[in-house]
Structures are given as structure tokens and as C-alpha cells.
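Inspection log for the structure reproduced underneath, given as C-alpha cells.
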Amino acid sequence: MGRKKNTPTDRQFTMAHVRCTERISPGFIRLTLGGLDHLEPRGHDHWCRLFFAREGQDSLQLPTRTSEIGWYLQYLATPKALRPWVRAYTVRHARPDTGEVDIDFVIHKDQAGGLGPAARFALDASPGDRLGFLEQGIGFTPDHPHDWTLLVGDETALPAVAGICSSLPEAARGIAIIEVPTAGDRQKFRMPPGMEVRWVPRDESSSGADRPGQLALDAVKTTVPLDGVVHAHLIGESGLATGARRHLVQEWGVPKRNVDFVGYWRHGRPATT
Numbered sequence: 001m002g003r004k005k006n007t008p009t010d011r012q013f014t015m016a017h018v019r020c021t022e023r024i025s026p027g028f029i030r031l032t033l034g035g036l037d038h039l040e041p042r043g044h045d046h047w048c049r050l051f052f053a054r055e056g057q058d059s060l061q062l063p064t065r066t067s068e069i070g071w072y073l074q075y076l077a078t079p080k081a082l083r084p085w086v087r088a089y090t091v092r093h094a095r096p097d098t099g100e101v102d103i104d105f106v107i108h109k110d111q112a113g114g115l116g117p118a119a120r121f122a123l124d125a126s127p128g129d130r131l132g133f134l135e136q137g138i139g140f141t142p143d144h145p146h147d148w149t150l151l152v153g154d155e156t157a158l159p160a161v162a163g164i165c166s167s168l169p170e171a172a173r174g175i176a177i178i179e180v181p182t183a184g185d186r187q188k189f190r191m192p193p194g195m196e197v198r199w200v201p202r203d204e205s206s207s208g209a210d211r212p213g214q215l216a217l218d219a220v221k222t223t224v225p226l227d228g229v230v231h232a233h234l235i236g237e238s239g240l241a242t243g244a245r246r247h248l249v250q251e252w253g254v255p256k257r258n259v260d261f262v263g264y265w266r267h268g269r270p271a272t273t
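Mapping of the sequence shown onto UniProt numbering: residues 1 to 273, in sequence order.
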């Protein structure tokens, strides 16, 4: 299932610029972007689409339509030589008083040993570099009564899980399972006292899992559910999201309505747009 439709109706494309960069852990670079004075912080997994110029492009040509279908159809109709790269990211922090947001980029190589366009942009970024920004709203929108929350993700989902944990009410309880490349990629963030975060670093695994998300899926399968009705939000690599949903529905007996799952990416299949 894709992200729930909670898209702002008054959004617009913005040409943002890099203000500073910071290597916050072995696997993450944080870019602080400016020029976003009208962005309303929404908390949770507030997400956006970022647009990067392709190699050889002299300028960044952004769509002019802003509806969810309209902009994408216009994007696909643009000749590839003029079409920017586009990727989905979570707003890690937003500071409307300064028009800044922080975006955390995972820096990892694909199976061929290369880097994707977003990771390359983050590694090479300098103050003043420009990129397009389109707000998308939030995806974490439970629509049923529940007693506790289960959050599961790999490193690409870490910013979203952190944002959701930080936005949950103080009385919330639950479990967050986060797989990261190394122990040094753990992050500290605000969470209610009743939420437990279980970090699963791949570099500390004796099984040597090659597929990102496999260890997090294994952790879900060994988790004992808490008492009461759960709302589960499963995000990251496609096999993790779908595998965890299958386990919850078939083994825990969780109603499908209570499980949101989004495969951000698929191991071994790089995005082409």
C-alpha cells in the first residue's frame, strides 16, 4: 500500500538551496536547506519530494502543476535530458522562523557499488547548491482506535520513525524496530516513556545479512506483541514492509486495516526516475 493521501492543497514547488552539510554518522549526511519560509511543520513523518539536476543539465526544470497526478504526468512528459531526478525524503527538522529544514540522506552503495543521484548530491553538496522541493504532507495517519504502536523500518525509514516517535502523545506506548548499517548510525530523539526503541545494527549481526531489512524482519518475527489493539507502520525496503505485514496478519492475527506498509525501495532494483 502506498502512502495515505494527506497532501496539502496549497502546496507549491520551491527552489531550495543548501545552507550547510554535516556528516552526522557513518551512514548519514544531514543537509540543511534554506528558502522554505512558507513551509508549515507537520511533525510525524512529514515528507517531501526533492528534485536534483541530472549530470550535464545547466538548470533545474521543475514541473508547474502541483496536483499529485498533474505534476507527475508533466514530469513524465518532459524529455529525459531535461527531466530532474526526483526522490522522496522525510523532513527531519523544520524551523519556520528561519525557513530551514534538515534532511538526512543515507549514504550507501547499490549492488553495483555505485551511489544514487541523491546520495551523490549529498556527498558533493556545497552551500548555495540548488534543488527543488515539493511538500507531501504526512503518511502516518492511523484511522482506527488502538492501544499501542509498532514502528518498523530500515535506515531509509529512520527519519520517519524518529519523527513519528517525537510526535506521539506522551501517553503512547509501543515498540520501534530500526535496522541501521552500523552501531554508529543510532540516533537520539524524543519519544514517550512508553515507547521502546530496538536498534538492529547490521555490523553487529553474526548472520551477516546482505539484504537490508532482513534483520529487522527477523526482529519482528521474534517480537512478543503488547496487550491490546496495535497500529503498525512498516516502512523501508519492500521485502521488509511486505514481509512484516504478512507476519502480523497471519501470525498475530492483526486486521489488515491496522497495518500500514510502504516499500520505499527494492533491494537490487534502483529507481529510474
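Glycine included, C-beta positions come from ideal geometry on N, C-alpha and C.
Keep in mind it's a predicted model, so treat the numbers as computed, not measured.
Asked                                                                                                                                                                                : Found
Given a cut-off of 8 Å, decide if residue 236 and residue 154 are closer than it, judged by their beta-carbon atoms.                                                                 : yes
Which residues in the same chain have their Cβ closer than 7 Å to the Cβ of residue 2, if we skip the five residues on either side of it in sequence?                                : Confidence in residue 2 is poor, its pLDDT being 41 and thus under 50, which makes the residue's placement unreliable; the coordinate value appears in the next sentence. Taken in chain order, the residues that qualify are 262.
What residue range is occupied by the uninterrupted alpha helix (DSSP H) comprising residue 68?                                                                                      : 68-77
Among residues of its own chain, excluding the 5 on either side of residue 43, which ones have a beta-carbon nearer than 6 Å to its beta-carbon?                                     : 167
What number of angstroms, rounded off, separates the C-alpha of residue 4 from the C-alpha of residue 231?                                                                           : Residue confidence for residue 4 is low, a pLDDT of 48 falling below 50, so the modelled location carries little weight and cannot support an answer.
Do residue 49 and residue 84 have their beta-carbon atoms positioned less than 8 Å apart in this structure?                                                                          : no
DSSP three-state call for residue 136: helix, strand or coil?                                                                                                                        : strand
If distances are taken between C-alpha atoms only, which option among 31, 215, 117 comes closest to residue 93?                                                                      : 31
Which residue comes first and which comes last in the beta strand (DSSP E) that contains residue 88?                                                                                 : 85-95
Just to confirm before moving on: does the CB-CB distance between residue 140 and residue 122 stay below 8 Å?                                                                        : no
Leaving out five residues before and five after residue 203 in sequence, what residues of the same chain have Cβ atoms less than 8 Å from its Cβ?                                    : 181, 182, 183
Taking 7 Å as the limit between beta carbons, can you name the residues of its chain near residue 252, skipping five residues before and five after?                                 : 225
Relative to the C-alpha of residue 28, which candidate in 120, 268, 164, 16 has its C-alpha closest?                                                                                 : 120
For residue 129, which of 58, 8, 25 has the nearest alpha-carbon?                                                                                                                    : 58
Label residue 70 either buried or exposed according to how many other C-beta atoms from any shown protein chain fall within 10 Å of its C-beta, with 16 as the threshold for buried. : exposed
Could you pull out every residue in the same chain whose Cβ sits closer than 6 Å to the Cβ of residue 198, ignoring the five residues on either side in sequence?                    : 177
According to DSSP, residue 100 sits in a beta bridge with which residue or residues?                                                                                                 : 95
Using DSSP's beta-bridge definition, name the partner residues of residue 28.                                                                                                        : 25, 106
For a quick check, are the C-beta atoms of residue 239 and residue 268 less than 8 Å apart?                                                                                          : no
Helix, strand or coil for residue 1 per DSSP?                                                                                                                                        : Confidence is the limiting factor: at residue 1 the pLDDT is only 41, short of 50, which leaves the residue's position unreliable, though a coordinate-based value still follows. Of the three classes helix, strand and coil, the one that applies to residue 1 here is coil, per DSSP.
Can you name the start and end residues of the alpha helix (DSSP H) that residue 260 belongs to?                                                                                     : Element bounds for residue 260: not the alpha helix (DSSP H) but the beta strand (DSSP E), 259-265.
Pull up the distance between the alpha-carbon of residue 150 and that of residue 101, whole angstroms please.                                                                        : 27 Å
Determine the direct distance from the alpha carbon of residue 45 to that of residue 91, and round the result to whole angstroms.                                                    : 7 Å
Hey, how far is the Cα of residue 195 from the Cα of residue 228?                                                                                                                    : 15 Å
Measure the alpha-carbon distance for residue 66 versus residue 137 and round it to whole angstroms.                                                                                 : 13 Å
Does residue 144 come out as helix, strand or coil in the three-state DSSP assignment?                                                                                               : coil
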